[in-house]
Amino acid sequence: MAGHRLDRRKIKRHHSYTVDEAARAIGATRGTVRRWLDKGLPAIRDRKPFLILGEDLATYMADRAGPKRSCPPGTCYCVKCHEACRPAGNIAEFVPINAHSGNLRALCPDCGSLMHRHTSASQLEVIRANLDVAIVERQPRLNDSG
Numbered sequence: 024m025a026g027h028r029l030d031r032r033k034i035k036r037h038h039s040y041t042v043d044e045a046a047r048a049i050g051a052t053r054g055t056v057r058r059w060l061d062k063g064l065p066a067i068r069d070r071k072p073f074l075i076l077g078e079d080l081a082t083y084m085a086d087r088a089g090p091k092r093s094c095p096p097g098t099c100y101c102v103k104c105h106e107a108c109r110p111a112g113n114i115a116e117f118v119p120i121n122a123h124s125g126n127l128r129a130l131c132p133d134c135g136s137l138m139h140r141h142t143s144a145s146q147l148e149v150i151r152a153n154l155d156v157a158i159v160e161r162q163p164r165l166n167d168s169g
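The numbering used here puts the first residue of the sequence shown at 24, with every later residue one more than the last.
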């Protein structure tokens, strides 16, 4: 389960969970929830099974979550490297999704995998100041054939 993102939105704040129920609700293992209990997740420990209040679980997971990081101008996000970096050769492609936005695609200089960045068409000129951007025609979708 390495790299699996746990979904804290599935927690009901006014519900009490056992370790097993909490693990199933967020998509984690029971061992993960037990480790959180050892590291400070509040629980009602008077009797077995321990009960974890939904409010406490949601707060604990929100405190553990790191802040979202935005990509600086002229960079794309590489999923494999887990960081934003400038494209190889400062070359990127803009693939329009609709009239207002599209995806910027480029190659990662470190690992060579494809990087992506969702951007608006109005920001394209700002991006072109930093990168050599080619506008590519969008491939037709199956439902576009009419």
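We put the CB at the ideal spot given by N, CA and C, even for glycine.
(Q) Quick check: the Cα distance between Arg-31 and Lys-91, rounded to an integer number of angstroms? (A) Start at 1 with the first residue of the sequence shown, and residue 31 comes out as number 8. Start at 1 with the first residue of the sequence shown, and residue 91 comes out as number 68. For Arg-31 and Lys-91, the distance between alpha carbons rounds to 15 Å.
Q. Ends of the beta strand (DSSP E) at Arg-57?
A. In the sequence shown, counting from the first residue as 1, residue 57 sits at position 34. Where Arg-57 is concerned, there is no enclosing beta strand (DSSP E), although the alpha helix (DSSP H) it sits in stretches over 53-61.
**Q.** Distance, Leu-29 Cα to Ala-23 Cα
**A.** Residue 23 lies beyond the stretch modelled for the chain, which goes from 24 to 169, so this question has no answer here.
Q) Are the beta-carbon atoms of Ser-93 and Ser-124 separated by less than 8 Å? A) Numbered from 1 along the sequence shown, position 70 holds the residue referred to as residue 93. Numbered from 1 along the sequence shown, position 101 holds the residue referred to as residue 124. Against a cut-off of 8 Å, the Cβ pair of Ser-124 and Ser-93 comes out as no contact.
Q | Range covered by the beta strand (DSSP E) that runs through Thr-142 | A | Taking the first residue of the sequence shown as 1, we reach residue 142 at position 119. Secondary structure note for Thr-142: its beta strand (DSSP E) is the uninterrupted segment 137-143.
Q. Any contact of the region 98-118 with the region 62-76, i.e. 3+ C-beta pairs under 8 Å?
A. Contact between the region 98-118 and the region 62-76 is absent, because fewer than three Cβ pairs lie under 8 Å.
**Q.** Thr-82 versus Asn-153: straight-line alpha-carbon distance, rounded
**A.** Position 59 of the sequence shown, counted from the first residue, corresponds to residue 82. Position 130 of the sequence shown, counted from the first residue, corresponds to residue 153. When the Cα atoms are used, Thr-82 and Asn-153 turn out to be separated by approximately 40 Å.
Q: State the start and end residues of the unbroken beta strand (DSSP E) segment that holds Ala-122.
A: Counted from its first residue, the sequence shown places residue 122 at position 99. No beta strand (DSSP E) contains Ala-122, which DSSP labels as neither H nor E.
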